[in-house]
Amino acid sequence: MNLKTQISNTIKKYKICNKHEKVLVALSGGKDSTVCAYMLHKLGYNLEGFHINLGLGAYSERCEKSTKELCTQLEIKLYVYDFTKKHGSSMCYLRTTIQSKKALKNCAICGVIKKYIINKEARILKADKIATGHHLDDEAQTFFLNILKGAPELSASTGPLTRNISDKKFIPRIKPLFFCFEEDIKNFAKQKKLPVVYEPCPCALDSYRLQVRNFFKTLSTKEKKNIINNFDKIKDKIKKQSGKMNYCKICGEPTRKKICKRCELIKN
Ligand code: AMP
Ligand code: ZN
């Protein structure tokens, strides 16, 4: 099955979005979110792009340039969120400050802050859905990591459409590439010569995930697909996190706890 049919089937089977909705694609400048936007556009969905320039020097400038080129090619609107201008420091600086108080991995901190910004800005832009470039390899790795951590419930609401959260302040997240292999996405981006930054983020230094990623390189596509299929089978049996949402006592954003993950990180 080709990539376009695979994505179209996922969208229909899981009813992740429809053509009347405004889908905001979170564009990193990398191959996955670029292919995600390209395909959704080709399939006729109503798209806008959203990019966070994290202020990581020349790397971030290249990422912003790629997202601009893509959105010009697709003739879709692009919103660029300049992290340094909004926060007075780069993502790198904020992360280091957090790490001076809390022993957390780079990607874990960056991931929480990015998710927070994307949800808040998507709401301001009145988007119905947020699309990200997560693919089968990402999802299988995350599921596997959560099992190694002894916390499979962290994967319970994962899927092509983020389940189990209903709150007017929370914009549902969709993953149209959920069943696509990373290798196929990369080949497609190269074949179409899409504007993509192929180098990894200079701050992605999570050794544990890298270890799992290296292990995954030894698995066949069939084995990786088996992980996702098994996950699909047992998903409903995993104890879900409560669907009830509160509003963060500090910033007012939706959270399952009293204080959201982002405020928990940046408070003293
Ligand atoms: P990552 O956590 O870096 O693997 O990224 C996962 C997904 O988050 C990507 O496929 C994008 O959809 C989105 N994303 C990552 N970085 C950015 C960024 N700087 N701006 C907007 N979206 C991003
Ligand atoms: Zn908060």
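Under my numbering, think of the first position of the sequence shown as -18, with each following residue one higher. Positions of the beta carbon are idealized from the N, C-alpha and C atoms, including for glycine.
Closest by C-alpha distance to residue i, when choosing among the options
i, options, result
"residue 34", "177, 28, 72", "72"
"residue 176", "184, 8, -13", "8"
"residue 68", "41, 98, 57", "98"
"residue 149", "182, 173, 228, -2", "228"
"residue 190", "88, 210, 212, 217", "88"
"residue 55", "15, 66, 147", "15"
"residue 109", "244, -14, 185, 2", "2"
"residue 47", "-11, 12, 167, -8", "12"
"residue 217", "147, 42, 135", "135"
"residue 40", "200, 199, 185, 139", "185"
"residue 139", "-14, 174, 215, 188", "215"
"residue -14", "172, 158, 173", "158"
Other residues of its chain near residue i: CB distance less than 6 angstroms, five sequence neighbours each side excluded
i, result
"residue 44", "10, 178"
"residue 52", "30, 59"
"residue 50", "176"
"residue 103", "5, 111, 152"
Spatial neighbours of residue i in its chain, beta-carbon cut-off 7 angstroms, leaving aside the 5 residues before and after
i, result
"residue 156", "113, 115, 141"
"residue 61", "32, 34, 45"
"residue 28", "4, 6, 18, 21, 22, 57"
"residue -2", "-8, 4, 26, 110, 155"
"residue 202", "162"
Neighbourhood of residue i by C-beta distance below 8 angstroms, restricted to the same chain and skipping five residues each side
i, result
"residue 249", "82"
"residue 246", "79, 83, 85, 90, 93, 94"
"residue 205", "117, 118, 121, 162, 197"
"residue 240", "229, 230, 231, 248"
"residue 253", "This structure cannot settle anything about residue 253, because the visible part of the chain is limited to -18 through 249."
"residue -16", "16, 20, 161, 165, 166, 169"
CB of residue i within 9 angstroms of CB of residue j, strictly
i, j, result
"residue 118", "residue 163", "yes"
"residue 137", "residue 209", "no"
"residue 237", "residue 225", "yes"
"residue 107", "residue 234", "no"
"residue 0", "residue 25", "yes"
"residue 183", "residue 38", "yes"
"residue 65", "residue 36", "yes"
9 angstroms Cβ cutoff, residue i in contact with chain D
i, result
"residue 91", "Absent from the structure: chain D. Only one protein chain is present."
Stretch-stretch touch, CB-based, cutoff 8 angstroms, three pairs: the stretch 6 to 25 with the stretch 121 to 128: no
Segments assigned alpha helix (DSSP H), at least 4 residues, entirely inside the stretch 55 to 89: Segments of the alpha helix (DSSP H) lying fully in the stretch 55 to 89: 64 to 68, 72 to 80.
Contained beta strand (DSSP E) runs [length at least 3] in the stretch 207 to 238, N- to C-terminal order: none
Sequence ranges, alpha helix (DSSP H) only - wholly within the stretch 147 to 174, length at least 4: 163 to 172
Length-filtered (4 minimum) alpha helix (DSSP H) runs lying within the stretch -12 to 52: 12 to 23
Any beta strand (DSSP E) of 3 or more consecutive residues that is wholly inside the stretch 103 to 127: 110 to 112
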